[in-house]
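Here is the structure we will look at, set down as structure tokens.
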Amino acid sequence: MAGQEKCSFCSGSETINHLFFDCSMASYVWSLVAIVLGSPLRPTSMDQFWVWINNCLLNEKQFHMMGLAAILWALWRARNNACFEKKLTRSLTENVFSVCSSIVYWAGLQKGDDQKQLGRWCVGAQRGDATLSSKERNGKRCLHNPSSLTQDGGI
Ligand SMILES: [Zn+2]
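When we follow this note's numbering, the leftmost residue of the sequence shown carries the number -18, and every step to the right adds one.
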């Protein structure tokens, strides 16, 4: 049986990059994460992600892989629910809550201060606000515009 070639959420072709970055489903999640981290850009590919996250959270490398895993896992689950269970995500925000629930669950594996930081970001993500993160980071917001990130990544 041939795999499905069409995206489960839109009329695009289902490629890895489409599912995890280009699809409106994915770009909504990335845009919200970018707002919480105080970035005017969102990544549009895996290569861009590593450049972007190093600019946003240079001193918090311990969160990079876990954050990426939580986002991709939420998108993959939403895709599988739509594809195999015929259950469409009720709202785009549902995926953000799914990301947060993985992060809160996995935060138990982190040290005390790191656990608290993850909790604060999740509160910010669920409210969709950037105020919390910029206050938390003493106004040092991620406003770098590395040349390898194009304006296509804008939100
Ligand atoms: Zn799509």
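Glycine is no exception: its CB is placed at the ideal position from the N, C-alpha and C atoms.
What you are looking at is a predicted structure, and each value in this text was computed from that prediction instead of being measured.
In three-state DSSP terms, what is residue i?
i      : result
K92    : coil
L13    : helix
L73    : helix
S114   : Note that S114 scores 47 on pLDDT, short of 50, meaning its location in the model is unreliable; the coordinates nonetheless yield the value given after this. Of the three classes helix, strand and coil, the one that applies to S114 here is helix, per DSSP.
S(-6)  : strand
K(-13) : strand
L22    : strand
C37    : helix
K68    : coil
C4     : coil
Of the residues the options, which one's Cα is nearest the Cα of residue i?
i    : options            : result
A106 : P24, I52, K68, N61 : I52
W87  : F1, L56, L49       : L49
R108 : P24, G93, C64, V17 : V17
E75  : A55, G89, N(-2)    : A55
Can you give me the C-alpha to C-alpha distance between residue i and residue j, rounded to a whole angstrom?
i     : j      : result
L0    : T70    : 14 Å
R58   : E(-14) : 17 Å
Q29   : R23    : 9 Å
C37   : L73    : 23 Å
T(-4) : Q91    : 33 Å
E66   : S(-11) : 11 Å
N40   : G100   : 18 Å
C103  : K97    : 10 Å
Leaving out five residues before and five after residue i in sequence, what residues of the same chain have Cβ atoms less than 6 Å from its Cβ?
i   : result
I34 : H45
Here's a check: name, in chain order, each residue in its chain whose Cβ is nearer than 8 Å to the Cβ of residue i, leaving out the five neighbours to either side.
i     : result
F(-7) : Inspection of the sequence shows that residue -7 is occupied by Gly rather than by Phe. Hits under 8 Å: K(-13), H(-1), D3, C4.
In chain order, what residues of the same chain have a beta carbon less than 7 Å from the beta carbon of residue i, not counting five sequence neighbours either side?
i   : result
K68 : N62
query = Do the region 10 to 19 and the region 71 to 84 make contact, defined as three or more Cβ pairs closer than 8 Å?
reply = yes
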